[in-house]
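In the UniProt record's numbering, the protein residues as written are 1 to 103.
Here a beta-carbon is modelled for each residue, glycine too, at the ideal position from N, C-alpha and C.
Below is one structure, written out as structure tokens; the observations come after it.
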Ligand SMILES: [Zn+2]
């Protein structure tokens, strides 16, 4: 099942898309402001960079799913994601149940 955006739903998707684009921009800025990775890199900074990059990847994947029309579905089980979760982190790609079972 795919989301068929109509009316208010489309507006909501547009809103989430701008959220995603803003998140992508911020994360990209963050990555450039972190000093480049080196041999003597502080592990805390390395972890920070990795997590920023991971979110950036997820943001791009979410934008791809929007283009594909599958945005808002759990990539693992296909169930619709809670709007509240999408509002909080628009790049989430799986439901709580799947997120917990994949840990
Ligand atoms: Zn799921």
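How about residue i: is its Cβ closer than 6 angstroms to a heavy atom in ligand 1?
i          : result
residue 82 : no
residue 76 : yes
residue 79 : yes
If distances are taken between C-alpha atoms only, which option among the options comes closest to residue i?
i          : options            : result
residue 75 : 57, 38 and 95      : 95
residue 27 : 82, 51 and 67      : 51
residue 22 : 78, 63, 100 and 98 : 63
residue 87 : 7, 13 and 8        : 13
For residue i, does the three-state DSSP call read helix, strand or coil?
i          : result
residue 80 : strand
Who are the Cβ neighbours of residue i in its own chain at under 7 angstroms, not counting the five residues just before and after it?
i          : result
residue 61 : 93
Looking only at its own chain, which residues have a Cβ that is under 6 angstroms from the Cβ of residue i, when we skip the five neighbours before and after it?
i          : result
residue 19 : 90
residue 98 : 74, 76 and 77
residue 85 : 92
**Q.** Sequence ranges, alpha helix (DSSP H) only - wholly within the stretch 8-41, length at least 4
**A.** 8-33
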